[in-house]
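Student: The structure that follows is given in the form of structure tokens.
Protein chains in written order, with the working numbering: chain A, 4 to 485; chain B, 254 to 473; chain C, 271 to 588.
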């Protein structure tokens, strides 16, 4: 704990905020793309320092074991996505899908989104976290509609309405948590601080906590994309610009799930409150099975990967619902690896869509022949996301299924069924996309492949050899979660 | 707690539920916007009264924000949007008004049954405010579900926010952070709403979301 | 001795309501006329109408059955009994144990039932229209009335009107939102039940706009006199209920002296005057609604009744 830590925490928040203002003002698109990437890189560096230097917990901000991993992950993926976004957006400008004015808007919104997500992860105040998540949601709503086609507007409107309803329910849950806390802790900021809440949770009124968690799970669960509250997710992924799909899948869903986890730990600390496990398990299982069936018969490539995100969020929720050190460890690792994998996949998909000029899967064929680097990247990505060894996601899914089997064999069977269904759908699609005779335009893809392969490298490394320090870290956090 | 103070708080909170029902009943666009202005006015009065009896002067700011932004600025802006877009006509509903009202009564009864026993230890004032706030929230959700018009869905959402303001002030001593955040989100929502209404109109010459249904995005 | 006194008060009440009812109707007509800058008929005109009708022959249709002939007597009897039970100037009536609000609603319901049957009995189309519209109004007005009754009885802990009046007079009920909603609901129901504007125009001669008048088109002579008297009594009853429950000050309780009773009668007359004036002003200020909008109006009354009950649960739990 040190004051140097406070400087870096401030940096993690101030750099995106300041660059947003700067990016809104600058007109030249090449400069803004580079500035975007630079700002994201600096934020990542500041966040990584937080591993070593932590500030003391304040009323508004806290850096503890749970969120330090996510903040580093979030800034890292933000950085790689900004690199991808640079080349992607240049192409969009050329084809005229975006005008320069909207480009400035896009870059400013991107940094505000980063700011919002960092603030949500770092906040120690449940109200402040709510504000940050709402800010992040609103920026993504604006960006999903940025192409202004009818389908994009419909997707953005649906996302806005469902997101707003979720946010409203989450705020009601937050107020109920405060109500439960303030009769024990006293009025004021202390009754809204995470560290105080977790410590004093056993003294809270269980009935209030139960109702609060219900609202919070429904509200933030909408943002995670759990079935049946998922209706906005496939459209938002399909119609928004690809960097936004990457950030949505990779980061924003994680932040929302992180919020649910925080509240779950408060709830679990109270012996009188109901066990949140079964509810989360059922929502997770429902999401996995529904999404894996929906993966078949999709014709839009980004929509398909949107459903895949729903499936993985379901797996993670299932894992945290099961609880226990092994399942929690697997869930945390899965969150991290899924971020990396899904964003990398979206990078590939973005370049593919630009090269082929379409997102319609029947029109995209034989990628490994026409665009070998992209094609094999996609193969690697789909193999990773489907859970093939030696990629990291195989290990986490294996862990989840085995721990579940040891405790509730029927649930494990259901989960396994869902996973296999998804696996089959993805491989079927991959076959069509990557192999066979090339189809459609063969324009070269102006792409930066570094982010893609960097992510895959990390996922592969995690699958093959996870550094012991990191393993220990995850286990420690898993034990905090019960 | 002083009897009169409690009764007046009950008056305002119950009045808010009544105005939410009036919102459900409205089938004309301009009437809807005026009703919403009344809704915001009642909520600001309720918050101001809470500020008085809780001796929490910072809540007066919240009341002023609710009054200024939601009771005056937003209805005026919506009136202008309605005139400019030329959409002042009746609003279609998914089911009849009678059934909607009965569903609304059911939701109010449900929220009272759920909230009263749970908040029994928290004091009478918080109990009432939370039960009524949840009713307003559920009625706003009902309004969003049962209307086919984008403007009325937005108004339903804003009435949900009003209910949440009532809940937040009922929970005594919730710090200023939440009040600023609620006001902040109102402002951003207004910007987004304005942008979207113009974009939707631009694209469809209508704000009837039935026209959007072709692009529902559920095709593969 | 006390029982004898209570019996005397009861008989006095019965006579009083019968005597006052036509006067009240005439008063409302007079005020409406003055608001419209006319002189209007004299105050005692309704008495003259009833007496004139009593002297006339009855003209019966060939197709009229015994229902048609018996209805007016039943309607008059039930309405008079109901009116006599409402504590207007005193609460210590000998039959006050029977003065249950639900019993009063049931009595009025039976009266309406007989009248609707009579309207259907002769087989004319206007009678049918009147009866079906009356039943439409009743199907919404009665639940609304009952919800208001529930609110009041939940608050006072009893359904007896005298207990409710005593409760409202004695305790510091305070500024209850539910009571305001219940009052508005009751006023709306009263307007609907008494066939006043905006539900029905009592002075109309256009059959297609009639509700109450259409049912009694075929009546003449003493039958018509009884039905008209029942209508006057019903109006007086509703105004008395509103005055007794929501404005109970001045009602004499059992055991007070004669002076108190006389003063209570005076207060009651003042309340009637105020109520009649407000009714006349309201009727002049508003236009009659089309029939298909009447369910909306009564639906609103029902909603207000529901809300009043629900809101009362919230405060009573606190």
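The C-beta atom is built at its ideal place from N, Cα and C for all residues, glycine as well.
Residues in the region 95-113 of chain A with C-beta within 7 Å of chain B's C-beta atoms, listed in sequence order?
Tutor: Those would be none; no residue qualifies.
Student: Excluding the 5 residues preceding and the 5 following residue 211(B) in the sequence, name in chain order all residues of the same chain whose CB lies nearer than 7 Å to its CB.
Tutor: With chain B represented from 254 up to 473, any question about residue 211(B) goes unanswered, as that position is not in the structure.
Student: So that I know if they touch, is there some Cβ in chain C lying closer than 9 Å to that of residue 354(B)?
Tutor: True, the Cβ-Cβ gap to chain C drops below 9 Å.
Student: Here's the rule: buried if 16 or more other CB atoms are within 10 angstroms of the residue's CB, otherwise exposed. What is residue 475(C)?
Tutor: Under this definition residue 475(C) is an exposed residue.
Student: Given this structure, state the Cα-to-Cα distance separating residue 69(A) from residue 455(C), to the nearest angstrom.
Tutor: Each residue's alpha carbon lies about 57 Å from the other.
Student: Which value, in whole angstroms, describes the spacing of the CA atoms of residue 332(A) and residue 183(A)?
Tutor: Spanning the two alpha carbons is a distance of roughly 30 Å.
Student: Can you name the residues of chain B whose CB is closer than 9 Å to the CB of residue 310(C)?
Tutor: The premise fails here: residue 310(C) is roughly 37 Å from chain B at the closest Cβ pair, so nothing lies under 9 Å.
Student: Could you check what DSSP says for residue 327(C) in three-state terms: helix, strand or coil?
Tutor: Residue state, collapsed to three classes: coil.
Student: For the region 361-381 of chain B and the region 472-483 of chain A, state whether three or more C-beta atom pairs, one from each stretch, are separated by less than 8 Å.
Tutor: With a cut-off of 8 Å, the region 472-483 of chain A and the region 361-381 of chain B do not count as touching, because too few Cβ pairs lie within range.
Student: I believe residue 170(A) touches residue 140(A) by the beta-carbon criterion, under 8 Å. Please report the beta-carbon distance rounded to the nearest angstrom.
Tutor: That belief holds up - the Cβ atoms of residue 170(A) and residue 140(A) are roughly 7 Å apart, short of 8 Å.
Student: Contact criterion: CB-CB distance below 9 Å. Does residue 367(B) meet it with respect to chain A?
Tutor: Taking Cβ atoms only, chain A reaches closer than 9 Å to residue 367(B), which makes this a yes.
Student: I believe residue 578(C) touches residue 417(C) by the beta-carbon criterion, under 8 Å. Please report the beta-carbon distance rounded to the nearest angstrom.
Tutor: So it is a contact: roughly 7 Å between Cβ atoms.
Student: Among the candidates 94(A), 44(A), 31(A), 173(A), whose CA atom is the shortest distance from the CA of residue 221(A)?
Tutor: Checked all of 94(A), 44(A), 31(A), 173(A); the closest Cα to residue 221(A) is 173(A).
Student: In whole angstroms, what is the alpha-carbon distance linking residue 351(B) and residue 553(C)?
Tutor: Rounded to whole angstroms, residue 351(B) to residue 553(C) spans 27 Å at the Cα level.
Student: Write down every uninterrupted run of the alpha helix (DSSP H) in the region 356-410 of chain B whose length is 4 residues or greater and which is fully enclosed by it, in chain order.
Tutor: If we require 4 residues or more, the alpha helix (DSSP H) runs fully inside the region 356-410 of chain B come out as 377-398.
Student: Is the region 102-114 of chain A touching the region 283-301 of chain B, taking contact as three or more C-beta pairs under 8 Å?
Tutor: Touching, no.
Student: So which residues on chain B does residue 208(A) lean against when the C-beta distance must stay under 7 Å?
Tutor: Going along chain B in sequence order, the residues near residue 208(A) (Cβ under 7 Å) are 374.
Student: Taking its Cβ as the centre, do 16 or more other Cβ atoms sit within 10 Å of residue 309(A), making it buried, or is it exposed?
Tutor: Flag for residue 309(A) reads buried.
Student: Since I believe residue 573(C) is in contact with residue 358(B) (beta carbons under 8 Å), could you give me their beta-carbon distance rounded to a whole number of angstroms?
Tutor: So it is a contact: roughly 7 Å between Cβ atoms.
Student: Could you give the C-beta distance for residue 350(A) and residue 87(A), rounded to a whole number, given that I count them as a contact under 8 Å?
Tutor: So it is a contact: roughly 5 Å between Cβ atoms.
Student: Assuming residue 362(A) and residue 305(A) make a contact with CB atoms under 8 Å, what is their CB distance in whole Å?
Tutor: Contact holds; Cβ gap of about 6 Å.
Student: Is residue 346(A) close to chain B, meaning its C-beta is less than 9 Å from at least one C-beta of that chain?
Tutor: No, because no Cβ of chain B sits closer than 9 Å to the Cβ of residue 346(A).
Student: Output, in chain order, the set of chain C residues within a Cβ distance shorter than 8 Å of residue 270(B).
Tutor: Those within 8 Å of residue 270(B) in chain C are 577, 581.
Student: Would you verify that the beta carbon of residue 410(B) is, or is not, closer than 9 Å to some beta carbon of chain A?
Tutor: Judged by the 9 Å Cβ criterion, residue 410(B) is in contact with chain A.
Student: Return the chain-ordered list of same chain residues with a C-beta closer than 7 Å to the C-beta of residue 407(A), the five sequence neighbours on each side being excluded.
Tutor: Cβ within range, chain order: 325, 414, 415, 418.
Student: In chain B, what lies closer than 8 Å to residue 499(A) by C-beta?
Tutor: Outside the modelled stretch of chain A, which goes from 4 to 485, sits residue 499(A), for which no answer is possible.
Student: DSSP beta-bridge partners for residue 430(C)?
Tutor: 370(C), per the DSSP bridge assignment.
Student: State the Cα-Cα distance for the pair residue 287(C) and residue 398(B), rounded to the nearest angstrom.
Tutor: Their backbone Cα atoms lie some 52 Å apart in a straight line.
Student: List in chain order: all unbroken beta strand (DSSP E) runs of 3+ residues lying wholly within the region 56-115 of chain A.
Tutor: Those beta strand (DSSP E) runs which fall completely within the region 56-115 of chain A and span 3+ residues do not exist here.
Student: Give the C-beta separation of residue 263(A) and residue 204(A) to the nearest angstrom, bearing in mind that I take them to be a contact with Cβ-Cβ under 8 Å.
Tutor: Going by Cβ atoms, the distance from residue 263(A) to residue 204(A) rounds to 16 Å, so no, they are not a contact pair.
Student: Taking all protein chains shown into account, do 16 or more other C-beta atoms lie within 10 angstroms of the C-beta of residue 302(A), making it buried, or fewer, making it exposed?
Tutor: Burial call: exposed.
Student: According to the Cβ coordinates, are residue 371(A) and residue 382(A) closer than 9 Å?
Tutor: Taking 9 Å as the Cβ cut-off, residue 371(A) and residue 382(A) qualify as a contacting pair.
Student: How about residue 430(B): is its C-beta nearer than 9 Å to some C-beta of chain A?
Tutor: Caution is warranted here: a pLDDT of 48 is assigned to residue 430(B), below 50, making its placement in the model unreliable, and the coordinate value is therefore given only provisionally. Interface residue, yes.
Student: Is residue 281(B) helix, strand or coil by DSSP?
Tutor: Here residue 281(B) sits in strand by DSSP.
Student: Less than 8 Å between C-beta atoms, sequence neighbours within five positions excluded: which residues of the same chain meet that for residue 231(B)?
Tutor: Missing from the structure shown is residue 231(B); chain B here goes from 254 to 473 and no further.
Student: So is residue 573(C) in contact with chain B if we call contact Cβ pairs under 9 Å?
Tutor: It does: the Cβ of residue 573(C) has a partner Cβ on chain B nearer than 9 Å.
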